[in-house]
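Peer 1: In our numbering, the protein residues as written are 19 to 987. Quick one: structure below, then a few questions.
Now the structure itself:
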């Protein structure tokens, strides 16, 4: 199995929508689903990050408003036909072979098929598709046709289609999805273009297309909201013919444009051919993988991990750092959840922080830019601070619908999920995690955290009877429980997750104040916050923390009756029942405390609140709530794998595997086709890192406490921690940071980290090869891990001082040499060692020393006086041979212009060992000759480091050879 390739065999209409989601290509700015260019049963989707539109619909007699991430014009359509046949459609075609392959390493989707038409003509079609990670406006589809048993014309039609709607989710189809209007099309100098405008947000969208083929377009196809070109390829049997469709997608939201249409046309006109587009695109992906690599022994698991990283980076790439966008729950891969931003960033940003902190910061800035809207929402509800919406879109107002469709019953039901105020806790948690990972707390980040703290403090009220602070009228992460049984209005009291995390937040707000140059909270406000952190209410029952006040009064569900049902809320409502009546959870709620907080943090908060923690509280909670969870969310498996990792490794692995394969196997039965589950994908990566590696980030540094599942074997990954690049790898025996075993790392610049000033990887490889050692042998000598040594050889790194010292010893060189410290200064500055000896070398010893070739220095009397120049040389039949440029100094100054008159030169080669204060030097004196073209075939090739046009070969014939060596006892 290739861990970098996701492959499909055969065309299966039933699973096509799932393939479309999993084979989506994107670059962080826009993404296109992996729909076929030519199918009938396809769900095309191209989505630009942050491109929303709002429409009114009438549902169940009520007017509702929904904002959607808009499905933009379809750039993919391309079909073909042989003479006398209909346009190719895979659903109706006689397919002799059909394969699809997603190359995650390079970001290219391949399709290969063989089609037999009604006349028996067999045609092979191969396609390559990319959405450029190098130029985020461009995408391309290359199609190569080969007539296997025939020759003749093949018609090809390439189209831009603006007639698309948001219709990719069946349960939304009663809602309007016709977001695009004002379509216009045209052509210009062989290019076609299409524009449309979103109805309410008035965003102009422009697509421009260029079709490259050996035969120009014969006909232009224009009809309402659609434009295309027809081509006729004259195929010869067995000879491939290629047609490439390149497009540029521009919107009026983009920066540095004159207008969307002219910018798109200019961009596609300037775009290079497919191979020239693919090269920088692949290079951009390689740079991403250098930061995002995760390596393990099991290739089947590595394939899914790569898939999760791939889709995470297609949604949130470094291009995202330039955009005003949040974390869409279903990526840019489909229309589920309408492209809204929920709390999924809680599972995404911890992984991004340690690899792409600039992207994390941009995602936090999305929230900060909507701080005024959150303040207004809090003010309108009677609270202080900032109340962020459960579902956010373009401007930060609450986008949660007031009703939702139950597909099991067909009924529209009230939706109270806007009461999930804990989304603000997720934002604040991410601010703090960013600070811990980077050591940076921008003032605006501090303001964001402080305003959320003010909101939750104002949400908290003191109950005089109990003397405890309470939070009422909220929902927890569970989502099944939005009201008490029989209650007329939604909202619960004292959701444990919300209450405990509010205490955590107020403690972090206190810490944040200490980081600021000036206090931004009054003494009175701080005193109230401190009081809340000591008297917040938390309910208990049956020896566990209660999910909310009154949870113990709920009924137990007949789980046997609903075994295997993940969406109990829908099933019970269809049966005339109500999930609010039962102790049943869709996903982790109280156990989220064990996901976000270490056991010491949770116990510390409970003790601070005056709740003595009985032994075994956390294991009891895990068992109790796990038995009462239906796992109706893909996030559920992520959290439960985490909380079980230290107590029940087998069950932890079971849930990790479910989370890992959740999308590729569509565990939630059809939901992945509507868009991948970005939070769950990122959650699996976070599980590997912070859970199984036990990587904890505290203010005093980074700590490792790994407990790897057996299947993982060796797990390794690079991270960026507070400005330092670290490589972590672990097995079942120990964890290593930068190749050295150790449980902690504290970033102290100039102390524990040595920054390489030269090409460290090449120097390590050079010395290893010089000694004839393998990576494993050097790693054993240096007592570091082979994986880390391989990492250092392949890409830039900042190893610890200890690792450099060990490597220098293993490679029999100096730390300064490894770090390239001597690159920009002359050698030999150190003092001589004791009792040095200078000895003369004989001719044979001199020739033996210089025989390998390398760099020497030519000395001659030039036109401007004595001249010495370095050259790359080789020893050929006892003579020195090097190359130089025609017309250069050695060309002109080494010619006498008189036949038989030679110019004698000096040629010197040396080797200096600064570590041992030893070295040798060989001096050759003799005539220099220009080598004639007739002699060149016999001369060994010499490649000058300087490059350029250096076609003149020069030979120095040694008349005198002397040498000296310095050594010591």
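Where a beta carbon is used, it is the ideal one built from N, C-alpha and C, also for glycine.
(1) To which residues of the same chain is residue 88 closer than 6 Å at the C-beta, ignoring the five residues directly before and after it?
(2) By how many angstroms is the C-alpha of residue 149 removed from the C-alpha of residue 209?
(3) Keeping to the same chain, check which residues put their C-beta closer than 6 Å to that of residue 393; ignore five residues upstream and five downstream.
(4) At which residues does the alpha helix (DSSP H) containing residue 516 begin and terminate?
(5) Tell me whether residue 924 sits in a helix, a strand or coil according to DSSP, three-state version.
(6) Could you tell me whether the stretch 293 to 310 touches the stretch 319 to 337, using the rule of 3 or more Cβ pairs below 8 Å?
(7) Thinking C-alpha only, which one of 91, 659 and 806 is nearest residue 177?
(8) Please state the DSSP three-state secondary structure of residue 773.
(9) What first and last residue would you give for the beta strand (DSSP E) that runs through residue 911?
(10) Three-state secondary structure (DSSP) at residue 345?
(11) Assign residue 225 to buried or exposed, taking buried as 16 or more other Cβ atoms, counted over all protein chains shown, within 10 Å of its Cβ.
(12) Kindly confirm or deny that the stretch 624 to 642 and the stretch 670 to 687 touch, where touching means at least three C-beta pairs closer than 8 Å.
(13) Kindly provide the ranges of any beta strand (DSSP E) runs that are 3 or more residues long and lie completely inside the stretch 35 to 106, ordered along the chain.
(14) What does a CB cutoff of less than 8 Å around residue 643 pick up in its chain, not counting 5 residues either side in sequence?
(15) When you compare only the Cα positions, how much space is there between residue 885 and residue 837?
(16) With 16 as the cutoff for other CB atoms within 10 Å, does residue 938 come out buried or exposed?
(17) For the stretch 409 to 427 against the stretch 474 to 487, are there 3 or more C-beta pairs whose distance is under 8 Å?
(18) Given a threshold of 16 other Cβ atoms within 10 Å of its Cβ, counted over all protein chains shown, does residue 458 qualify as buried or as exposed?
(19) Among 114, 147 and 126, whose alpha-carbon lies nearest the alpha-carbon of residue 133?
(20) Could you spell out where the alpha helix (DSSP H) holding residue 307 opens and where it closes?
(21) Spell out the partners DSSP gives residue 894 in its beta bridges.
(22) Closest by CA to residue 931, which one among 97, 315 and 985?
(23) With burial defined as no fewer than 16 other Cβ atoms inside 10 Å of the residue's Cβ, what is the status of residue 687: buried or exposed?
(24) In three-state DSSP terms, what is residue 435?
(25) Can you look up residue 766 in the DSSP assignment and give me helix, strand or coil?
(26) Measure the Cβ-Cβ separation of residue 988 and residue 356 and say whether it is below 8 Å.
(27) Can you check DSSP and say which residues form a bridge with residue 147?
(28) Could you tell me if residue 825 is buried or exposed, where buried requires 16 or more neighbouring beta carbons within 10 angstroms of its beta carbon?
(29) List the endpoints of the continuous alpha helix (DSSP H) containing residue 456.
(30) Run the CB neighbour count on residue 343, radius 10 Å, all protein chains shown included, and call it buried at 16 or more, exposed below.
(31) Helix, strand or coil for residue 699? Go by DSSP, reduced to three states.
(32) Kindly indicate the opening and closing residues of the beta strand (DSSP E) around residue 942.
(33) Beta-carbon separation of residue 876 and residue 923 under 8 Å?
(34) Count the other CB atoms within 10 Å of the CB of residue 919; is the residue buried (16 or more) or exposed (fewer)?
(35) Let me confirm a value: residue 573 is counted as buried when at least 16 other C-beta atoms fall within 10 Å, else exposed. Which label applies?
(36) Between 147, 141, 140 and 112, which has its C-alpha nearest residue 129's C-alpha?
Peer 2: Walking through what the data contain:
(1) Residue 88 sits at position 70 when you count from the first residue of the chain shown. Once the five neighbours on either side are set aside, the close Cβ partners of residue 88 are 69, 71, 197 and 216.
(2) As a working note, residue 209 is residue 191 in the chain shown. As a working note, residue 149 is residue 131 in the chain shown. In a straight line, the C-alpha of residue 209 is about 19 Å away from that of residue 149.
(3) Taking the first residue of the chain shown as position 1, residue 393 is located at position 375. Cβ within range, chain order: 404.
(4) Counted from its first residue, the chain shown places residue 516 at position 498. Residue 516 -> alpha helix (DSSP H) spans 514 to 533.
(5) One-based indexing of the chain shown puts residue 924 at position 906. In this structure, residue 924 counts as strand in the three-state DSSP scheme.
(6) yes
(7) On the chain shown, position 159 is the one that residue 177 refers to. When each option's Cα is compared against that of residue 177, the closest is 91.
(8) As a position in the chain shown, residue 773 is number 755, starting the count at 1. Model confidence at residue 773 stands at a pLDDT of 36, short of 50, so the residue's coordinates are unreliable and nothing is read from them.
(9) Numbered from its first residue, the chain shown carries residue 911 at position 893. Per DSSP, residue 911 belongs to no beta strand (DSSP E); it is in the alpha helix (DSSP H), 907 to 911.
(10) Counting from 1 along the chain shown, the entry for residue 345 is found at position 327. Coil at residue 345, not helix or strand.
(11) In the chain shown, the residue the question calls residue 225 occupies position 207. Its Cβ being crowded by 16 or more others within 10 Å, residue 225 is buried.
(12) no
(13) 48 to 50, 64 to 66, 70 to 77, 80 to 87 and 96 to 100
(14) Numbered from its first residue, the chain shown carries residue 643 at position 625. Excluding residues within five positions, the ones whose Cβ falls inside 8 Å are 562, 565, 603, 606, 607, 608 and 609.
(15) Numbered from 1 along the chain shown, position 867 holds the residue referred to as residue 885. Numbered from 1 along the chain shown, position 819 holds the residue referred to as residue 837. Rounded to whole angstroms, residue 885 to residue 837 spans 32 Å at the Cα level.
(16) What you label residue 938 is simply residue 920 of the chain shown in a count that begins at 1. It counts as buried.
(17) no
(18) By 1-based counting over the chain shown, the position of residue 458 is 440. Its Cβ having fewer than 16 others within 10 Å, residue 458 is exposed.
(19) Within the chain shown, the letter at position 115 stands for residue 133. Minimum Cα distance to residue 133 is reached at 114.
(20) Walking along the chain shown from the start, residue 307 turns up at place 289. Element bounds for residue 307: 292 to 310.
(21) On the chain shown, position 876 is the one that residue 894 refers to. Bridge partners of residue 894: 897.
(22) One-based indexing of the chain shown puts residue 931 at position 913. Nearest option by C-alpha distance: 985.
(23) Along the chain shown, one-based indexing puts residue 687 at 669. Exposed, because fewer than 16 other Cβ atoms sit within 10 Å of the Cβ of residue 687.
(24) Mapped onto the chain shown, residue 435 falls at position 417. The answer is helix: DSSP assigns residue 435 an H, G or I state.
(25) By one-based count along the chain shown, residue 766 stands at place 748. With a pLDDT of only 43 at residue 766, under the threshold of 50, the placement of this residue in the model should not be trusted, and no figure is reported.
(26) This structure cannot settle anything about residue 988, because the visible part of the chain is limited to 19 through 987.
(27) Counting from one through the chain shown, the residue named residue 147 turns up at place 129. Partner(s): 127 and 159.
(28) Taking the chain shown and counting its residues from 1, the one referred to as residue 825 is at position 807. That one is buried.
(29) Counting from one through the chain shown, the residue named residue 456 turns up at place 438. Taken as a continuous stretch (DSSP letters only), the alpha helix (DSSP H) holding residue 456 covers 441 to 456.
(30) As a position in the chain shown, residue 343 is number 325, starting the count at 1. Burial call: buried.
(31) Taking the first residue of the chain shown as 1, we reach residue 699 at position 681. If DSSP states are grouped into helix, strand and coil, residue 699 belongs with the helices.
(32) Counting from one through the chain shown, the residue named residue 942 turns up at place 924. 936 to 948 is the extent of the beta strand (DSSP E) around residue 942.
(33) Here residue 876 is taken as the residue at index 858 of the chain shown, counted from 1. Here residue 923 is taken as the residue at index 905 of the chain shown, counted from 1. Yes; because the gap between Cβ atoms is below 8 Å, this pair is in contact.
(34) Taking the chain shown and counting its residues from 1, the one referred to as residue 919 is at position 901. Burial call: exposed.
(35) Within the chain shown, residue 573 is the residue found at index 555, counting from 1. The residue in question, residue 573, is exposed, as its Cβ has fewer than 16 Cβ neighbours within 10 Å.
(36) For the purposes of this step, residue 129 is taken as residue 111 along the chain shown, with counting starting at 1. The option with the nearest alpha carbon to residue 129 is 147.
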